[in-house]
Amino acid sequence: MAFTIGVPAETATDERRVALVPEVVGRLVKKGMEIIVEAGAGAGSYHGDAAFTAAGARIGTRVDAFGADLVLKVAPPSDAEVGMLREGAIYIGFLSPLDAPQVTRSLAAQKVTAFSTELVPRISRAQKMDALSAMSSIAGYKAVLKAAEALPKFFPLLTTAAGTVKPANVLVLGAGVAGLQAIATARRLGAKVWGYDVRDAVREEIESLGATFVQLELETAGSQDAGGYAKALAEEKAHRQTELLVPHIGSSDVVVSTALIPGRRAPLLITEEAVKAMSPGSIVVDLAAANGGNCAFTEPGQTIVKHGVTIMGPTNLPAEMPVHASQMYARVLMAMILDFYKDGAFQLDFGDDIIKGACVTHAGEVVNERVKSLLAA
36 MAFTIGVPAE TATDERRVAL VPEVVGRLVK KGMEIIVEAG AGAGSYHGDA AFTAAGARIG
96 TRVDAFGADL VLKVAPPSDA EVGMLREGAI YIGFLSPLDA PQVTRSLAAQ KVTAFSTELV
156 PRISRAQKMD ALSAMSSIAG YKAVLKAAEA LPKFFPLLTT AAGTVKPANV LVLGAGVAGL
216 QAIATARRLG AKVWGYDVRD AVREEIESLG ATFVQLELET AGSQDAGGYA KALAEEKAHR
276 QTELLVPHIG SSDVVVSTAL IPGRRAPLLI TEEAVKAMSP GSIVVDLAAA NGGNCAFTEP
336 GQTIVKHGVT IMGPTNLPAE MPVHASQMYA RVLMAMILDF YKDGAFQLDF GDDIIKGACV
396 THAGEVVNER VKSLLAA
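For the sequence shown, the working numbering puts the final residue at 412, and the numbers step up evenly by one.
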């Protein structure tokens, strides 16, 4: 029998992405795989059942999709969805294992071999499998568009019959993938842009996009881990950092914050004092909202106004661009599948750095050490 891949419909609130798109389905079918797509799974991303059928997929029920050899999803599975997976199946998708590790316990109990797309190691061979970076890029782009729409000012410099309009001042906190995309987008819209990151090593990347690097009088040696992620600052330094950021935040029309530390609450960067220093009508878009937020007032999934400043806490911006988000995510999953699909099956080589790094459950056990320690705690 052919190796089967199931694509269930996403049921999380406001989730419009789908794990595979017809373009990718066609390529996997040519490799000899059977693709089972739940009826209506692509509706939110404008991919109808007919397009999947034309690409070679079979339209099936929810039970059919979850009963495949390999199940692909976007959002983490609910307990009910975990219960639909068969013993020995393989699962790939976002799992948030360092922030919400409990789902891995359920997957282990179901004896599913589960891979978390967030844990794909940052090595050159795995770049094409980096779903987190792909989605972060979309989030950074969309965050600036939302800010530009809400800001009661122009973004670019304009010369008009009524005089010259100065460009908006935009500050981006955190220069990972989302932050750099936010910087690039704000620059394309004509704003004056500043970028800050605790890692001095990213200064060149910020400046290469035409932004100004914010240099604080703060010792930040050792602020980057082996994977290139920012590390948490000591309490005293973290407090000093927020104090030094106040004048920079206060002089900005828009602040986009993207600072995240895997497995920990998002660092506080925008205090009440900083919000008070901003002009009425200014905007904060906090991309760390789902992890507690970088702003003292952030409410996940909500837009609020404090001290005349609009504070947005979006938790799933990629789902607001479902066409390209689904396309990018599907291509990332395809790269991972094709790298390990040999002789009609998905080969589980635990000596491989990618398999070892991304696998969280196997043979009834939680196998990722970081996740195990979080569950134990």
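Beta carbons: idealized from backbone N, C-alpha and C, even for Gly.
Look at the Cβ atom of residue i, then the Cβ atom of residue j, and state whether they are nearer than 8 Å.
i	j	result
Ala331	Thr350	no
Leu253	Gln276	yes
Pro353	Met170	yes
Pro187	Gly225	no
Pro43	His82	no
Gly348	Met313	no
Phe38	Gly379	yes
Val289	Ile305	no
Asp388	Pro156	yes
Glu400	Ala143	yes
Ile372	Phe385	no
Ala213	Asp232	no
Thr333	Ile318	no
Val395	Leu130	yes
Gly128	Lys108	yes
Val406	Thr139	yes
Ala47	Ala110	yes
Phe189	Val179	no
Ala370	Met164	yes
Thr338	Ala217	no
Gly222	Val228	Correcting the residue type first, residue 222 is Arg in the shown sequence and not Gly. Yes; because the gap between Cβ atoms is below 8 Å, this pair is in contact.
Ala393	Leu63	no
Pro335	Arg51	no
What span of residues does the alpha helix (DSSP H) with residue i cover, start to end?
i	result
Phe375	Pro357 to Phe375
Met347	From DSSP, Met347 is part of no alpha helix (DSSP H) but of the beta strand (DSSP E) over Val344 to Met347.
Thr88	Asp84 to Ala89
Val200	Counting along the chain, Val200 falls outside any alpha helix (DSSP H), though it belongs to the beta strand (DSSP E) covering Gly198 to Val200.
Asp321	That residue, Asp321, is in no alpha helix (DSSP H); its beta strand (DSSP E) goes Ile318 to Asp321.
Tyr126	Where Tyr126 is concerned, there is no enclosing alpha helix (DSSP H), although the beta strand (DSSP E) it sits in stretches over Ile125 to Gly128.
Met170	Ala166 to Ala185
Val59	Pro57 to Lys65
Thr220	Val212 to Arg223
Val53	No alpha helix (DSSP H) contains Val53, which DSSP labels as neither H nor E.
Val117	Asp114 to Met119
At the level of alpha carbons, what is the spacing between residue i and residue j?
i	j	result
His274	Val320	21 Å
Val237	Arg121	45 Å
Ala411	Tyr176	38 Å
Leu422	Gly230	A question about residue 422 goes unanswered here, because the residues of the chain that appear run from 36 up to 412.
Leu322	Ala174	8 Å
Pro282	Val53	42 Å
Ile158	Pro315	44 Å
Val72	Ala85	11 Å
Met119	Met363	27 Å
His359	Lys341	34 Å
Gly198	Glu239	35 Å
Phe248	Leu279	14 Å
Ser113	Asp104	19 Å
Ala246	Glu404	39 Å
Val402	Leu251	41 Å
Ile390	Ala161	10 Å
What are the residues that DSSP puts in a beta bridge with residue i?
i	result
Ile305	Cys330
His397	Glu400
Ala246	Answer is none; Ala246 lacks a bridge partner.
Leu280	Beta-bridge pairing links Leu280 to no other residue.
Val207	Gly230 and Val291
Ser141	Per DSSP, none; premise fails for Ser141.
Arg93	Ile71
Lys341	Val344
Val447	Beyond the ends of the chain as shown, which are 36 and 412, falls residue 447; an answer cannot be given.
Ala380	Lys377
The beta strand (DSSP E) spanning residue i covers which residue range?
i	result
Ala149	Thr148 to Ser151
Leu193	Leu193 to Thr195
Thr39	Thr39 to Val42
Would you mind working out which of the options sits nearest residue i, comparing C-alpha positions?
i	options	result
Val21	Thr88, Leu251 and Leu142	Outside the shown range of the chain (36 to 412) lies residue 21, about which nothing can therefore be said.
Arg97	Glu116, Met164 and Gly316	Glu116
Leu244	Thr220, Ile70 and Ala398	Thr220
Gly102	Pro112, Ala74 and Ala124	Ala124
Asp49	Gly67, Arg234 and Gly79	Gly79
Gly75	Met68, Arg62 and Gly95	Gly95
Ala166	Leu55, Gly327 and Gly67	Leu55
Thr152	Ile241, Ser168 and Met356	Ser168
Ala269	Gln250, Leu251 and Pro302	Pro302
Gly328	Glu355, Glu308, Val310 and Arg300	Arg300
Gly67	Ala90, Ala365 and Asp235	Ala90
Asn204	Ile70, Ser287 and Arg234	Ser287
Met36	Gly61, Ser361, Glu69 and Leu193	Glu69
Gly343	Lys181, Ala185 and Ser172	Ala185
Between residue i and chain B, is any beta-carbon pair separated by less than 8 Å?
i	result
His283	As a matter of chain content, chain B is missing from the structure shown, which is built from one protein chain.
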